[in-house]
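Just so we're aligned: 40 in full-length UniProt numbering is position 40 of the sequence shown, and the numbers increase by one with no gaps anywhere.
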Amino acid sequence: MTMNTITLIVSGMSCMGCVNSVKNLLGAVDGVQNVEIDVASGRVEIQYDATRGNVDAMRQAIEDGGYKVVA
């Protein structure tokens, strides 16, 4: 398994409930192995299996949850 890491900036997160929500949304995306979030900066670091992970699917999962990927 080849692991990659991507960092996204997400707006709309304001509390630990939001953090848990985004982690759950990303956890449902195929290939995602680990998610670390800094709610203050909106930084979401995603480690995923490069052979199965799809960054567009990760972005879409976050946006489907009501958050906005800004970078």
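Heads up, the beta-carbon is just placed ideally off N, CA and C, and yes, glycines get one too.
Taking the Cα of residue 29 as reference, the smallest distance to any Cα among 64, 71, 70 is reached at 64. Residue 15 and residue 34 have their C-alpha atoms some 19 Å from each other. Going by beta carbons, residue 9 and residue 55 fall outside the 7 Å limit. In the DSSP secondary-structure assignment, residue 3 is bridged to 49. Minimum Cα-Cα distance from residue 40 among the listed residues 13, 2, 5, 4 corresponds to 13.
Within the model, the alpha-carbon separation for residue 6 versus residue 17 is close to 22 Å. Beta-bridge partners assigned by DSSP to residue 34: 47.
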